[in-house]
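Novice:
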Amino acid sequence: MPSWRRGTRGPLLGSRGGSWGKMATVRKVPLRRLVGLASLRAVSTSSVGTFPKRVKIVEVGPRDGLQNEKNIIPTPTKIKLVDMLSETGLPVIEVTSFVSPIWVPQMADHTEVLKGIQKFPGVNYPVLTPNLRAFQTAVAAGAKEVAVFVAASELFTKKNVNCSTDESFQRCDEILKAARVAGIPVRGYVSCVLGCPYEGKISPAKVAKVTKKIYSMGCYEISLGDTIGVGTPGLMKAMLSAVMQEVPVSALAVHCHDTYGQALANTLMALQMGVSVVDSSVAGLGGCPFAQGASGNLATEDLVYMLAGMGIDTGVNLQKLLEAGAFICQALNKKTSSRVAQASCKL
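Numbered according to full-length UniProt numbering, the sequence shown spans residues 1 to 347.
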């Protein structure tokens with residue numbers, strides 16, 4: 001598991017005019033304008049009951065956030081984004097995917113990106129590896145941690161990795177066996193835990209079965225993904241209740257997309273149930289290239305703001321996080337999906 005980096009939360013940022021298409025001039029907001037945030041931060045963990053005192057944030061922006069972008073992003077831009085995110089205090093940053101460029105052209109420069117980033121002490125830089133060959137390439141490029149993925153949907157697995165669910169597990173098993181020999185920790189993803197674009201509803205029992213299997217194969221942590229963002233807090237509660245009967249909550253994370261505006265609410269429900277690891281993406285970037293209609297991830301800025309207001313520690317500097325979001329949005333010539341970033345620009 002990654003060690004925690006020290007970090008302090010900075011003030012919110014604003015911008016002087018202009019749009020996200022042009023690099024905003026970042027300024028510190030006067031203290032009087034932060035009264036609302038300060039009052040929220042005054043809430044102690046003792047007043048929020050069962051919520052964890054600390055949450056580990058897994059930043060997936062450089063991989064999950066960028067993989068669906070149509071225009072190829074220059075490699076130096078990707079490297080700078082990761083380096084800026086490393087400055088924020090985030091403990092885990094998923095850097096890239098060693099998937100075939102035929103399937104995901106945006107990730108064709110995976111080796112160059114992984115080799116080009118600065119490796120900050122105390123920060124883990126996992127990469128996604130869909131098969132044994134990808135794992136071997138990643139390790140040769142310097143990967144110290146990898147992630148594998150399966151889905152709770154047979155049809156989604158076929159569309160995503162062009163194989164059956166059983167074949168997908170076989171691929172993961174090959175990676176996990178090689179990883180044990182190499183001393184490489186492996187994180188697991190389970191997609192479509194709250195719904196599938198092809199099969200519709202997914203039963204909690206099915207999610208629990210898949211999660212138990214990938215966990216028993218040797219993944220140290222399992223990220224449960226609402227891939228198309230159709231979940232609600234009620235569905236999240238039912239799913240986690242089933243999964244937690246098979247896998248310890250300490251080994252679970254949640255990964256929520258915001259298609260229906262439920263990502264933050266679903267994450268809050270997961271925290272109430274004892275989950276203390278959350279995936280999110282800077283500026284809310286993201287979307288699955290194999291899940292039509294899936295919108296962006298939960299914005300890391302919004303997650304950090306909410307947790308700060310609850311007195312839950314993350315070790316993340318919000319000001320530096322906003323700067324990283326502004327940088328990548330300028331590079332992509334698009335507006336941020338983070339409500340916190342949008343609001344800070346209006347102050």
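For every residue, glycine included, the Cβ atom is placed at its ideal position computed from N, Cα and C.
Just grab the DSSP bridge partners of S281 for me.
Specialist: A299
Novice: Mapping DSSP to helix, strand and coil, what is K320?
Specialist: Helix, per DSSP.
Novice: Counting only runs that start and end within the segment 190 to 263, where is the beta strand (DSSP E) found for 3 or more residues in a row?
Specialist: 221 to 226, 252 to 256
Novice: Given a cut-off of 7 Å, decide if D166 and M217 are closer than it, judged by their beta-carbon atoms.
Specialist: no
Novice: What do you get for K119, buried or exposed, if any count of 16 or more other CB atoms within 10 angstroms of its CB means buried?
Specialist: exposed
Novice: Can you tell me the Cα-Cα spacing of A283 and K177, whole angstroms?
Specialist: 36 Å
Novice: What separation, rounded to the nearest whole angstrom, lies between the Cα atoms of E154 and C163?
Specialist: 9 Å
Novice: Enumerate in chain order the residues of its own chain whose CB-to-CB distance from H255 is below 6 Å, with the five nearest sequence positions on each side excluded.
Specialist: S223, G225, D279
Novice: To the nearest angstrom, how far is the alpha carbon of M269 from that of Y305?
Specialist: So the alpha carbons of these two residues sit roughly 16 Å apart.
Novice: Going by the beta-carbon positions, is the gap between L285 and G142 smaller than 7 Å?
Specialist: no
Novice: Any contact between the segment 97 to 114 and the segment 59 to 77? By contact I mean 3 or more CB pairs, one from each, below 8 Å.
Specialist: yes
Novice: Under 7 Å, Cβ to Cβ, is there at least one residue of chain D near V150?
Specialist: No chain D appears in this structure, which consists of one protein chain only.
Novice: For V113, which residues in the same chain have their Cβ closer than 8 Å to its Cβ, ignoring the five residues on either side in sequence?
Specialist: P62, T75, K78, I79, V82, V95, T96
Novice: Starting from E59 and walking both ways along the beta strand (DSSP E), at which residues does that stretch end?
Specialist: In the DSSP assignment, E59 falls within the unbroken beta strand (DSSP E) covering 56 to 59.
Novice: Could you give the DSSP three-state label for I175: helix, strand or coil?
Specialist: Of the three classes helix, strand and coil, the one that applies to I175 here is helix, per DSSP.
Novice: Hey, quick one: how far does the beta strand (DSSP E) through F135 stretch, first residue to last?
Specialist: Segment 132 to 140 is the alpha helix (DSSP H) holding F135; no beta strand (DSSP E) there.
Novice: Can you tell me where the beta strand (DSSP E) holding F98 begins and where it ends?
Specialist: Premise fails: F98 is in no beta strand (DSSP E) and is neither H nor E.
Novice: Helix or strand or just coil, what does DSSP make of P185?
Specialist: Note: P185 maps to coil in three-state DSSP.
Novice: Since V113 is in the beta strand (DSSP E), which residue starts that stretch and which ends it?
Specialist: Careful: V113 lies outside any beta strand (DSSP E), inside the alpha helix (DSSP H) at 110 to 116.
Novice: Using a Cβ-Cβ cut-off of 6 Å (strictly less than) and excluding sequence neighbours within five positions of residue 373, which residues of its own chain qualify?
Specialist: Here the chain comprises residues numbered 1 to 347, so residue 373 is not present and cannot be evaluated.
Novice: Out of curiosity, what's the CA-to-CA distance linking G183 and Q170?
Specialist: The straight-line gap from Cα to Cα measures roughly 20 Å.
Novice: Quick check on DSSP: helix, strand or coil for L332?
Specialist: The answer is helix: DSSP assigns L332 an H, G or I state.
Novice: Return yes when the Cβ of G325 is within less than 7 Å of the Cβ of A341, no when it is not.
Specialist: Yes; because the gap between Cβ atoms is below 7 Å, this pair is in contact.
Novice: Just to confirm, are Y260 and G229 a CB contact at a threshold of 7 Å?
Specialist: yes
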